[in-house]
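Presented below is the structure to which this report refers.
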Amino acid sequence: MQELDSQSEVILSKLEKHKAFKDANIVMLYASLPDEVNTHSFIEKWRNKKHIILPTVSGDDIIPVELGKETTFVTGDFNIMEPQNEPYHGSFDLIVVPGVAFDSDGNRIGRGKGYYDRFLSHHPKVKRIGICFDFQYIDKVPTEENDIKMDEVITI
């Protein structure tokens, strides 16, 4: 676990230095699961400096929610910590996406439910950056017709 936390710090440091992140005012991140790049302290670090949006799940859809200063969290579907706030209906400058695996072409394997693919299809012009551990960055990800590619992938 300590190794994954160390990798998470390096990956998120790269994200912080990325032009797309530095230029972004409204950033959609995610509340990480134990097998994903750990975003919890990163979210806390940036929640008062940028407009941070986090996903919640309702049925088959991702519902974005803005993280406010007083926002509380509850455990949602799939044991993901979800913010309790009104849905966010504005635009995004950057969407940071988790995944089970990524490849150099920006292809991504998620958890199989298509949540991010459906969500991203509604935001085709927003910069999409996938973040992953080194062992999640593989030669070739099998793809399907509805899969949405990342513009970039950041790893170790």
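Heads up: the sequence shown runs through residues 35 to 190, numbered per the numbering used here. C-beta atoms are modelled at their ideal positions from N, C-alpha and C, and glycine is treated no differently.
Residue from the options whose Cα sits closest to the Cα of residue i
i, options, result
"I96", "L63, R142, V175", "L63"
"V160", "C166, G124, G133", "G124"
"I165", "I87, I45, T177", "I45"
"P98", "K83, E120, F107", "E120"
"E43", "K79, F112, K56, K84", "K79"
"S75", "V175, H156, P158, S40", "S40"
"K83", "H157, D94, F55", "F55"
Element boundaries [beta strand (DSSP E), containing residue i]
i, result
"S92", "85-92"
"R162", "161-165"
"I45", "Element bounds for I45: not the beta strand (DSSP E) but the alpha helix (DSSP H), 36-51."
"D95", "95-100"
"F107", "106-109"
"E186", "186-188"
"E116", "115-118"
Extent of the continuous alpha helix (DSSP H) to which residue i belongs
i, result
"D127", "It is not in any alpha helix (DSSP H) - D127 carries neither H nor E in the DSSP assignment."
"I77", "74-80"
"D139", "Here D139 belongs to no alpha helix (DSSP H), and DSSP marks it neither H nor E."
Cβ shell of residue i (< 6 Å), same chain only, five flanking positions each side left out
i, result
"E186", "I163"
"S66", "N72, T73"
"D127", "A58, N59, I60"
"M3", "Here the chain comprises residues numbered 35 to 190, so residue 3 is not present and cannot be evaluated."
"F87", "Reading off the sequence, residue 87 comes out as Ile, not Phe. M62, P98, E100, Y122, listed in sequence order."
"F153", "I96"
Sequence-distant residues of its chain with Cβ nearer than 8 Å to residue i (five each side left out)
i, result
"K183", "D139, G140, N141, R142, R162"
"R81", "L101, K103"
"F112", "L67, V91, R145"
For residue j and residue i, believed in contact at Cβ under 8 Å, the rounded distance
i, j, result
"T90", "E116", "4 Å"
"E104", "Y122", "Wrong, their Cβ atoms sit about 16 Å apart, outside the cutoff."
Beta-carbon proximity of residue i to residue j, cut-off 8 Å
i, j, result
"V130", "L49", "yes"
"D151", "D181", "yes"
"D168", "I190", "yes"
"A135", "I172", "yes"
"Q118", "T109", "no"
Chain-order list of residues whose beta-carbon lies under 7 Å from that of residue i (same chain, five-residue window excluded)
i, result
"G148", "N180"
"V175", "A135, F136, D137, N141, R142, I143"
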